[in-house]
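Going by UniProt numbering, the sequence shown opens with residue 1, and the numbers climb by one from there. Written below as structure tokens is the structure these notes are about.
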Amino acid sequence: MQDQGTPIPHGHRCFRSGFSISSYRSKQKAHPCERTSFARCLSPNHLDPRTMLRLASPVPGEATRPVLPKGTQRSDVERLLPVIRRAFRLSEACALTLLAFIQATRPSDWTDPTRDPVCHAMQTAMAQRLGLTPRAVRYHEITLERAGLLTKTTAADGSRGSFAGGRIVQGLSLAPLVEHVPQLLRAAAEEEAGRLHDLGLRRQCSAARRVLKGALQRLLERAPTAPETRDLLAFYGKLPRRYDGLDTADLESLLASLDEAVEKCVTAVEMRQESSGVPEPGFRLSIQVTTKDNSESCVASADVKRPAGTPADTPLVAAPPGADKGREPQARDFQRGHKPHWLETFTPRRLYAACSEDMRMYLDAVKGQRALPNELDLVRAALLILPDLGINPSAWDEAAEAMGDLAAALAVIVIDARRFDPVRPIRSPGGALRAFARLAMAGKLNLAGSLIGLVERARTE
Numbered sequence: 001m002q003d004q005g006t007p008i009p010h011g012h013r014c015f016r017s018g019f020s021i022s023s024y025r026s027k028q029k030a031h032p033c034e035r036t037s038f039a040r041c042l043s044p045n046h047l048d049p050r051t052m053l054r055l056a057s058p059v060p061g062e063a064t065r066p067v068l069p070k071g072t073q074r075s076d077v078e079r080l081l082p083v084i085r086r087a088f089r090l091s092e093a094c095a096l097t098l099l100a101f102i103q104a105t106r107p108s109d110w111t112d113p114t115r116d117p118v119c120h121a122m123q124t125a126m127a128q129r130l131g132l133t134p135r136a137v138r139y140h141e142i143t144l145e146r147a148g149l150l151t152k153t154t155a156a157d158g159s160r161g162s163f164a165g166g167r168i169v170q171g172l173s174l175a176p177l178v179e180h181v182p183q184l185l186r187a188a189a190e191e192e193a194g195r196l197h198d199l200g201l202r203r204q205c206s207a208a209r210r211v212l213k214g215a216l217q218r219l220l221e222r223a224p225t226a227p228e229t230r231d232l233l234a235f236y237g238k239l240p241r242r243y244d245g246l247d248t249a250d251l252e253s254l255l256a257s258l259d260e261a262v263e264k265c266v267t268a269v270e271m272r273q274e275s276s277g278v279p280e281p282g283f284r285l286s287i288q289v290t291t292k293d294n295s296e297s298c299v300a301s302a303d304v305k306r307p308a309g310t311p312a313d314t315p316l317v318a319a320p321p322g323a324d325k326g327r328e329p330q331a332r333d334f335q336r337g338h339k340p341h342w343l344e345t346f347t348p349r350r351l352y353a354a355c356s357e358d359m360r361m362y363l364d365a366v367k368g369q370r371a372l373p374n375e376l377d378l379v380r381a382a383l384l385i386l387p388d389l390g391i392n393p394s395a396w397d398e399a400a401e402a403m404g405d406l407a408a409a410l411a412v413i414v415i416d417a418r419r420f421d422p423v424r425p426i427r428s429p430g431g432a433l434r435a436f437a438r439l440a441m442a443g444k445l446n447l448a449g450s451l452i453g454l455v456e457r458a459r460t461e
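Okay, here's the thing in structure tokens:
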């Protein structure tokens, strides 16, 4: 018997059963189509309506989809792959699969607030591209979906694509990855800061080790059998050759022990120098040569008389041909050769007075309670001021290899002070340091002259 309510027009039939709606409603047991949403009945792939609405593009003009931070593009996400792999503990193969998914999307979709970046490629196509089996690609998709990096929505037969003018999208949506990008960028910045910190610790350890080596050589010349000499030699022999396998805590511990050893060695050298009786540079001997014949002689002879207390002349031996062009390099000016040590010619007090205010701040920080900085303090302060001067660490490595750590530190002091020179200021500190290194390699660097001018200018001011 037909319902007495609102009349239902004839011809409205369910596309599954073919029954009319009037006869369908007269049944006590509802047809499955009435229990299923209308959108599900019309969808050929039987998608969940909420998933379809989430993947469908919004109404034009509405910006509801996550986008990358300002100034970030898809290529930046690709460069974050190592960070993504460590953060989500992905295998190398799974990370490469994710990279392939990212590269299969349109770059503009990552910054378009009306679209999601979606990979429409089939599993078989991605497997062929990656050299994997479809089963392996399917496993990687499941892993990435569980990690919260993508959302997978496909048809029942696995097909993917865009339908209804882009309002219904099937494939691998990387919108969850877009939402993680700000956090990943912060993690990448923290990792880079940690890497630079460890790199700075390694450089400081290397510089301290070389300073310790130079101080040990001077200590061996003055007191080779002293107890502190033996202790420092034993400590130096136990130092690791490489620092690649050391973490931050190990590097900091090693640097602290190196600082202690350097301070102990430098103090011992200074004490031996003060008590050795070696004349200062420029000191005139009280015993004067008065024999006229001896002053004119070029070759020593046992019969020639000489004043008491003066050493005998060394016999002159002709050098072999080509000795002036031998393999051993000539002692350059910055290496001092037979000249006094840098800190003997330019005392720490004069160097400290000639430094700029910024360099003095770093020197005060590294020297601690000591009244004046030592050799290691100068090197460490130069390393710390490099970022402020815009000097790349590779420029420091080049200068340290060409002229030594202390000379490189003195060059940085000169460059830093000459930034404010009223006549010829240095505009590019990094380029100036590389130029100093090239001149040092060519044997044409007059670092002593630059330091003399710097000290004299500080004295007049």
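For every residue, glycine included, the Cβ atom is placed at its ideal position computed from N, Cα and C.
What residues in its chain sit with their C-beta under 6 Å from that of alanine 409, if we drop five residues either side in the sequence?
Only Leu378, Val379 and Ala382 meet the Cβ criterion.
So, at 8 Å on beta carbons, what are the nonlocal neighbours of proline 176 in its own chain, with the 5 sequence-adjacent residues on each side left out?
Same-chain partners within the cutoff: Gly148, Leu149, Leu150 and Thr151.
Based on the DSSP secondary-structure assignment, which residues constitute the bridge partners of threonine 151?
Answer by DSSP bridge pairing, in chain order: Ser173.
Look at the Cβ atom of alanine 187, then the Cβ atom of valine 83, and state whether they are nearer than 8 Å.
Judged by their CB atoms, alanine 187 and valine 83 are nearer to each other than the 8 Å cut-off.
Quick one: what's cysteine 119 bridged to in DSSP?
Under DSSP, cysteine 119 forms a beta bridge with Leu172.
Among Leu246, Asp116, Leu232 and Leu172, which one has its Cα closest to the Cα of arginine 138?
With distances taken between CA atoms, arginine 138 lies nearest to Leu172 out of Leu246, Asp116, Leu232 and Leu172.
Is the separation between the beta-carbon of aspartate 416 and that of aspartate 358 shorter than 8 Å?
Cβ distance < 8 Å, so aspartate 416 and aspartate 358 count as in contact.
Cβ shell of glutamine 123 (< 8 Å), same chain only, five flanking positions each side left out:
The residues are Pro134, Val137, Arg138, Glu141 and Gly158.
Just mark valine 423 as buried or exposed, buried being the case when its beta carbon has 16 or more other beta carbons within 10 Å.
Valine 423 comes out exposed.
Proximity to leucine 374 [Cα-Cα], best of Leu201, Ala208 and Pro387
Per the sequence presented here, residue 374 reads as asparagine, with leucine not at that position. Here the closest residue by C-alpha is Ala208.
By Cβ distance, which residues of its chain are closer than 8 Å to leucine 255, with the 5 residues on each side in sequence left out?
Excluding residues within five positions, the ones whose Cβ falls inside 8 Å are Leu201, Gln204, Cys205 and Ala208.
Taking only three categories from DSSP, how would you classify leucine 445?
In this structure, leucine 445 counts as coil in the three-state DSSP scheme.
Within a Cβ cutoff of 7 Å, which residues of the same chain sit near isoleucine 426, ignoring the five residues on either side of it in sequence?
Result list for isoleucine 426: Ile415, Arg418, Arg419 and Ala432, in chain order.
With H, G and I counted as helix, E and B as strand and the rest as coil, what does DSSP make of phenylalanine 346?
In the structure shown, phenylalanine 346 sits in coil (DSSP, three-state: anything other than H, G, I, E or B).
Rounded distance between the beta-carbons of leucine 185 and phenylalanine 101, thought under 8 Å:
That belief does not hold up - the Cβ atoms of phenylalanine 101 and leucine 185 are roughly 20 Å apart, past 8 Å.
By Cβ distance, which residues of its chain are closer than 7 Å to leucine 212, with the 5 residues on each side in sequence left out?
For leucine 212, where only same-chain residues beyond five positions count, the Cβ hits under 7 Å are Tyr236, Leu258, Ala261, Val262 and Cys265.
Are alanine 399 and alanine 448 touching if we call contact CB-CB under 8 Å?
Alanine 448 sits away from alanine 399, with the two beta carbons spaced by 8 Å or more.
What would DSSP say about tyrosine 236, mapped onto helix, strand or coil?
Helix.
Under the assumption that alanine 268 contacts leucine 219 (Cβ atoms under 8 Å), give the Cβ distance between them as a whole number of angstroms.
For alanine 268 against leucine 219, the beta-carbon gap comes to about 6 Å, under 8 Å, which counts as contact.
If you measure between the beta carbons of isoleucine 385 and valine 366, is that distance less than 8 Å?
Judged by their CB atoms, isoleucine 385 and valine 366 are not nearer to each other than the 8 Å cut-off.
Quick check on the burial criterion: 16 or more other C-beta atoms within 10 angstroms. Buried or exposed for arginine 115?
Looking at its Cβ environment, which holds 16 or more other Cβ atoms inside 10 Å, arginine 115 is buried.
Got a sec, what are the start and stop residues for the alpha helix (DSSP H) glutamine 103 sits in?
In the DSSP assignment, glutamine 103 falls within the unbroken alpha helix (DSSP H) covering 92-103.
Do alanine 371 and alanine 458 have their C-beta atoms closer together than 8 Å?
Taking 8 Å as the Cβ cut-off, alanine 371 and alanine 458 do not qualify as a contacting pair.
Roughly how many angstroms separate the alpha carbons of cysteine 119 and lysine 70, rounded to a whole number?
Cysteine 119 and lysine 70: Cα-Cα distance of roughly 23 Å.
Among Met403, Leu454 and Thr229, which residue has its Cα nearest to the Cα of alanine 440?
Alanine 440 has its Cα closest to that of Met403, out of Met403, Leu454 and Thr229.
Would you say threonine 154 and glutamine 128 are within 8 Å of each other, going by their C-beta atoms?
At a Cβ-Cβ threshold of 8 Å, threonine 154 and glutamine 128 do not count as neighbours.
Here's a check: name, in chain order, each residue in its chain whose Cβ is nearer than 8 Å to the Cβ of arginine 360, leaving out the five neighbours to either side.
The answer, listed in chain order, is Tyr352.
Leucine 130 to alanine 104 span [Cα, whole Å]:
About 12 Å.
Once the 5 residues before and after alanine 215 are set aside, which same chain residues still bring their CB inside 6 Å of it?
Once the five neighbours on either side are set aside, the close Cβ partners of alanine 215 are Cys265, Val266 and Val269.
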